[in-house]
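Below is one structure, written out as structure tokens, with a few remarks after it.
There are 2 protein chains.
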Amino acid sequence: MPMKQTSGAGGRWSIGELAKACGVTVRTLHHYDEIGLLSAGQRTASGHRRYTEEDVRRLYRIRALQMLGLPLADIGAALATPADDMASLRILLEQQLLHMSRYAEQVQAVQDRLRDLLSRIDSSRIEGAAMPAPEQFMSTLEMITVLENHFTPEQRQELADRRAELGSDRIEAAKARWAALVEEGLRHVENGTPVSDPSIREWVRAWDEIGSMFHSGEQTKAAARSMWQDNSAALSADMPWSSEQLAGLLAYLQKARAQP
Amino acid sequence: MPMKQTSGAGGRWSIGELAKACGVTVRTLHHYDEIGLLSAGQRTASGHRRYTEEDVRRLYRIRALQMLGLPLADIGAALATPADDMASLRILLEQQLLHMSRYAEQVQAVQDRLRDLLSRIDSSRIEGAAMPAPEQFMSTLEMITVLENHFTPEQRQELADRRAELGSDRIEAAKARWAALVEEGLRHVENGTPVSDPSIREWVRAWDEIGSMFHSGEQTKAAARSMWQDNSAALSADMPWSSEQLAGLLAYLQKARAQP
DNA sequence: GTAGATCCTCACGCCGCGTGAGGATCAAGG
DNA sequence: CCTTGATCCTCACGCGGCGTGAGGATCTAC
């Protein structure tokens, strides 16, 4: 059985040796070669890659920067700088830190939502529920999308940490207004009020007004937004409306909004 | 100029209407159709898609589950269940929460590293430095990869929060042992000691022994691991060795490890 | 000389769409 | 009825960072 290692004198490395030593795959090194990020300093007569010590050092730097979350293109650019240009590298890392911070907040928000949903599933199971639980849950799912689309179009992750500051009275007031609006909408749906009807125009205006609360002002804006953001699921959980009804309302709402 | 909205009776939707109303692009709906996640319930004679209310509800559910971080394949599977199967959906969401938690910890670890590096760059700039700063920084980069490869091959994200518990005396002890080993290695490099030399075998054994500290035991394992994890950069910052020397050491180390 | 390991170069696949290309179809105004 | 502009259709390539073969050449050790 043949052994794997020789590479006698000169300190040069085959691609497999380098890969095993550095903890990457051969395919990865091929890829780096393809995109021009790291090519072997030399080749044998038959075309096999021979990596020099300089290549090894470059590979180590590449992997380190990759562990910091930088995309390969940026790594190439960073290692192409005169190497004594600390300032540009510092800027790059700062931008990366910013990116990761933003991303971490988004992940945090999704985690919160998931936890919220799970706790709701459990509690509804315990209660036994006057309404079939799956229906209620599906309604909740649908309402999540609606609320996301209509109330928080921009960056809502900025205010994900403000949730505890909200008074429950304001939440109750919003609940009431929301509930009244939805019930009125459902009545229109049941009665088959045509979309062109003036009362619908008024209803849509009221609906948008609630939304507009979150587009004006400065601090109230943030507070109101996070209120809706954080309690949207809680609000929908209290709704006594069936998924069928909601589907009708959704369709209705879309049509009404699309009208001039 | 023609208007955009008609869709007269029946409550059916063209693809553009649905897209605008739900906040997705037409291409996205095409994609959902391609992968069989959401196809329009009907088509016109000429082949244009007509979405029914049932389709709309399905789309809302899809988007909601997507906001929770689920991949489209899982969403398709989840919505294919009898829809009154809350248990399986609960399991799915729990798994998702687990995934996101693990991922969030990884992101957190990368952020810590980035902050650490940035502070080091700033401090070295202020000090003026006896060694050229870029060289030192590049050494640090290279050492990050080495430490990652040799000391924490498995899941180190589990213990990212234990950092403050470590006594500084143990850190100092580790620093001393580490420094001694590296210096000895550098001496071998300078003297050109052949890799096959018995002393090198002994040196590699000692090197691996430090690594093995982190693969045995139970609590010591976690503590020692996080110690190396969190202080690896700090250790390398104190090293008075040049990048050139390190490159040689790295190459040397790789060869010695690859030897039988 | 031969076996088995390692090397080479294509080239497609993943995921969730973006971004055209090139052509058919729709609704409304003249 | 015809035009006009918006909207619709179906391909099909692109992204990032490789994984995973296919099919063949080359290495090393016995």
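Heads up: the sequence lines are chains A and B, in that order. Numbered according to this note's numbering, the first sequence spans residues 1 to 260. Numbered according to this note's numbering, the second sequence spans residues 1001 to 1260. Think of the CB as a built atom: it goes at the ideal place given N, C-alpha and C, for glycine as much as any other residue.
For the alpha helix (DSSP H) holding I1075 (chain B), just list the boundary residues, first then last. L1072 to A1080
Inter-stretch contact at 8 Å, needing at least 3 Cβ pairs: the region 66 to 81 of chain A / the region 45 to 53 of chain A: no
Spatial neighbours of L1018 (chain B) within its chain, please: C-beta separation below 6 Å, excluding the five flanking residues on both sides. Y1051
Are the Cβ atoms of V1110 (chain B) and M100 (chain A) separated by less than 8 Å? yes
Which same chain residues end up closer than 6 Å to Q42 (chain A) when comparing Cβ atoms and leaving out the 5 residues on each side of it in sequence? R50
Limits of the alpha helix (DSSP H) - the one that Y1032 (chain B) falls within: V1026 to E1034
Select from the region 1086 to 1105 of chain B all residues with a C-beta closer than 8 Å to any C-beta belonging to chain A, and list them in chain order. M1086, L1089, R1090, L1093, E1094, Q1096, L1097, M1100, S1101, Y1103 and A1104
If we call anything under 8 Å between Cβ atoms a contact, is L118 (chain A) one with L1117 (chain B)? no
Please confirm if I1015 (chain B) has its CB atom under 8 Å from at least one CB of chain A. no
Nearest-angstrom beta carbon gap, V56 (chain A) and V1107 (chain B) [assumed within contact, 8 Å]: Not confirmed; about 29 Å, so no contact.
Please name the residue or residues paired with R49 (chain A) in a DSSP beta bridge. A:R43
Note down, in chain order, each residue of its chain lying with its Cβ closer than 7 Å to the Cβ of D1058 (chain B), except the 5 sequence neighbours on either side. Residue identity differs from the one stated: residue 1058 (chain B) is Arg in this sequence, not Asp. Hits under 7 Å: L1038 and L1079.
Counting C-beta neighbours from all protein chains within 10 Å, is the total for G36 (chain A) 16 or more, i.e. buried, or is it exposed? exposed
Members of the region 27 to 52 of chain A near chain B, C-beta cut-off 7 Å: none
Whole-angstrom distance between G23 (chain A) and T1081 (chain B), CA atom to CA atom: 42 Å
Does the beta carbon of G69 (chain A) come closer than 8 Å to any beta carbon on chain B? yes
Neighbouring residues, chain B, relative to L117 (chain A) (Cβ below 8 Å): L1068 and L1093
If you check the beta carbons only, do R1115 (chain B) and L68 (chain A) fall under 8 Å apart? no
What residues from chain B crowd round I121 (chain A), counting only those whose CB sits closer than 7 Å? M1086 and R1090
Could you tell me whether the Cβ of L1072 (chain B) comes closer than 8 Å to any Cβ of chain A? no
Does the beta-carbon of Q96 (chain A) have 16 or more other beta-carbons within 10 angstroms, so that it is buried, or is it exposed? buried
Would H30 (chain A) be called buried (16 or more neighbouring beta carbons within 10 Å of its own) or exposed? exposed
Any idea if S1014 (chain B) is buried or exposed, counting beta-carbon neighbours within 10 angstroms, 16 or more meaning buried? buried
If the cut is a Cβ gap below 8 Å, which residues of chain A does R1113 (chain B) touch? M67 and L68
Neighbourhood of D33 (chain A) by C-beta distance below 6 Å, restricted to the same chain and skipping five residues each side: S39
Got a sec? Which residues, its chain only, sit under 7 Å from L65 (chain A) by beta carbon, not counting five neighbours each side? I75 and A78
Exposure label - R1063 (chain B); buried when at least 16 CB within 10 Å: buried
Rounded to a whole number of angstroms, what is the C-alpha to C-alpha distance between R1187 (chain B) and A21 (chain A)? 22 Å
Distance CB(A262 (chain A))-CB(A1104 (chain B)) smaller than 8 Å: What is shown of chain A runs 1 to 260, which leaves residue 262 (chain A) out entirely.
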